[in-house]
Amino acid sequence: RADMVARIDQALDPPAAGFAAALLTGQRGGVDDATYEVLRDAGLAHLLAISGLHVGLVAGGVFVLVRLLGSLNERLAVTRPIKKWAAVAALLSAVAYMLVVGAPVPTQRAVLMTGLVLLGVLADREALSMRLVAWAALVVLVLAPDSVVSASFQMSFAAVVGLVAAYEWLAPRMGRWRRGGGMARAVLLYLAGVLVSTAVAGLATAPFSLFHFQAVATAGALANLLAVPLTAFWIMPFGMAAYLAMPLGVEEGPLYLMGLGVSALVWIAGEAAQLAGGSARFAPPPAWGLALLSLGGLWLCLWRRPWRLWGCLAVAAGLASSAIERPPDLLVSDTADLTGLIEGEPRHLVLTSLNRERFAARAWADRFAAGAVVALADLPEDRQRCDGLGCIVHHAGTTLALVADPRALDEDCAAADLLVAEVPVFQPCAAVVIDRFDVWRHGAHAVWLGDGPPRIETVAEHEGDRPWALTR
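Residue numbers (my numbering): 6 to 477.
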């Protein structure tokens, strides 16, 4: 793979070189942050992850090629099972591609799904069905049970379930419309299929994208309508040609043509992201809301009778959960060095420092869809009073003491309802206390303020008392 990356870098310039290397070797280090951001905002970041699309293109291309070559001989086509030969060749090519790109987990799942489809062809069974999806999910979960909580597993199978359900409903109708039509109708049908599959996959994965990444690409349908055919008919075929040419040392031509397609794809991503304003950020659903969305989506997809529409009620309840769930008023990092206040509509995040723990600050802003991040010192003077020992802050009807020095403890314990200390607190205190030892033992804290005592949740409560938990 290192030799392949070196040859690609020699033949192509950035960003095409990094993108081509990602597709052909699975190494994405050459894709710069700016290019990845543009692809993500345009809803095209999935093209960088070697998963179902790429494995399907490789296996499908080999399947079509072998079957086409076999059909050139009429006697062979009539007397031999060239369709099954093509399925075997496609399966071997998919496995070989997986090994070349390093066999990442999404690629393994894609090869498993593709293998089950091709085994269905070999067994003369229906190749695409919910049973196939169920078997693939079962095998993945037996091999890696922890993947059920990963974004990759959830989004992959959400997209597959949605696409299979849409295929089962649309295939008979589109087949009737296709029969008797010419090339123009076939092209229109393909473009409609790309558009529908993009919309279905986008809708199916949107709840999980919101839950894990707090963002949904708004330009996905438009960008994918252009980018997927470009990838299928230009980029990947010349990439496969480059594979075959590398042992002979004549890969420059195929790589150059592949690079032209990659450059066009990056341009499409940039234009689509600007046209739609990039990715939209929303408050994510809580865990129970995601469960309702998943249950409703499965009910819609798995049933075929009219009562499948009852799933819309669960989906609607899941969508409403983001508005029902109240965000915490106060956040404390796992070192107590950073405290954040969530307030206002539109929601914004107030931080004790804009320079400390920037990763945590970014995660908080994304998790709670904060439109702006401001420093505590920028609040009006009647809201906050700070000195070298700490701050007194009035927030959500509660007096907060943010202590940076032990010398402030006596005064702040008497004045505050809630005290957050960057230092250990050993003395008795009338206020509710979160100190450095608390975050050391229990991880980051989220606090809800109100008329009664504050409600506090910690990372440790969600991790549980397990041997591998970092917070014990």
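Glycine included, C-beta positions come from ideal geometry on N, C-alpha and C. All figures in this text were calculated on a predicted structure; none of them were measured in a lab.
Expressed to the nearest angstrom, what Euclidean distance is found between the alpha-carbon atoms of residue i and residue j?
| i | j | result |
| --- | --- | --- |
| residue 279 | residue 72 | 42 Å |
| residue 146 | residue 212 | 21 Å |
| residue 315 | residue 397 | 51 Å |
| residue 257 | residue 26 | 14 Å |
| residue 310 | residue 170 | 13 Å |
| residue 21 | residue 374 | 33 Å |
| residue 415 | residue 370 | 33 Å |
| residue 348 | residue 389 | 14 Å |
| residue 200 | residue 227 | 8 Å |
| residue 240 | residue 158 | 26 Å |
| residue 340 | residue 365 | 11 Å |
| residue 442 | residue 455 | 25 Å |
| residue 196 | residue 230 | 7 Å |
| residue 36 | residue 232 | 17 Å |
| residue 15 | residue 48 | 29 Å |
| residue 300 | residue 319 | 7 Å |
| residue 312 | residue 174 | 15 Å |
| residue 359 | residue 342 | 11 Å |
| residue 383 | residue 400 | 14 Å |
| residue 30 | residue 10 | 7 Å |
| residue 91 | residue 109 | 25 Å |
| residue 433 | residue 216 | 40 Å |
| residue 353 | residue 451 | 16 Å |
| residue 129 | residue 93 | 13 Å |
| residue 203 | residue 386 | 51 Å |
| residue 134 | residue 249 | 34 Å |
| residue 95 | residue 461 | 55 Å |
| residue 85 | residue 101 | 25 Å |
| residue 247 | residue 260 | 6 Å |
| residue 142 | residue 87 | 30 Å |
| residue 236 | residue 407 | 54 Å |
Where does residue i land, buried or exposed, given buried means 16+ other C-beta within 10 angstroms?
| i | result |
| --- | --- |
| residue 435 | exposed |
| residue 463 | buried |
| residue 302 | buried |
| residue 8 | exposed |
| residue 238 | exposed |
| residue 329 | exposed |
| residue 153 | exposed |
| residue 427 | buried |
| residue 467 | exposed |
| residue 317 | exposed |
| residue 107 | exposed |
| residue 114 | buried |
| residue 410 | exposed |
| residue 402 | exposed |
| residue 18 | exposed |
| residue 351 | exposed |
With DSSP as the reference, label residue i as helix, strand or coil.
| i | result |
| --- | --- |
| residue 308 | coil |
| residue 392 | strand |
| residue 329 | helix |
| residue 77 | coil |
| residue 119 | helix |
| residue 380 | strand |
| residue 406 | strand |
| residue 424 | strand |
| residue 87 | helix |
| residue 240 | helix |
| residue 343 | coil |
| residue 55 | coil |
| residue 227 | helix |
| residue 44 | helix |
| residue 106 | coil |
| residue 299 | helix |
| residue 151 | helix |
| residue 15 | helix |
| residue 361 | coil |
| residue 267 | helix |
| residue 317 | helix |
| residue 432 | coil |
| residue 134 | coil |
| residue 69 | helix |
So residue i and residue j are in contact, right, with Cβ under 8 Å, and what is the actual spacing, rounded?
| i | j | result |
| --- | --- | --- |
| residue 263 | residue 63 | At roughly 14 Å, the Cβ-Cβ gap does not stay under 8 Å, so residue 263 and residue 63 are not in contact. |
| residue 381 | residue 356 | 7 Å |
| residue 112 | residue 56 | 6 Å |
| residue 297 | residue 269 | About 41 Å; that fails the 8 Å criterion. |
| residue 437 | residue 337 | At roughly 12 Å, the Cβ-Cβ gap does not stay under 8 Å, so residue 437 and residue 337 are not in contact. |
From the DSSP output, read off the bridge partner residues of residue i.
| i | result |
| --- | --- |
| residue 453 | 460 |
| residue 348 | 353 |
| residue 439 | 425 |
| residue 400 | 403 |
| residue 337 | 344 and 450 |
Taking 7 Å as the cut-off, is the C-beta of residue i nearer than that to any heavy atom in the ligand FMN?
| i | result |
| --- | --- |
| residue 75 | This structure lacks the ligand FMN; in fact it carries no ligand of any kind. |
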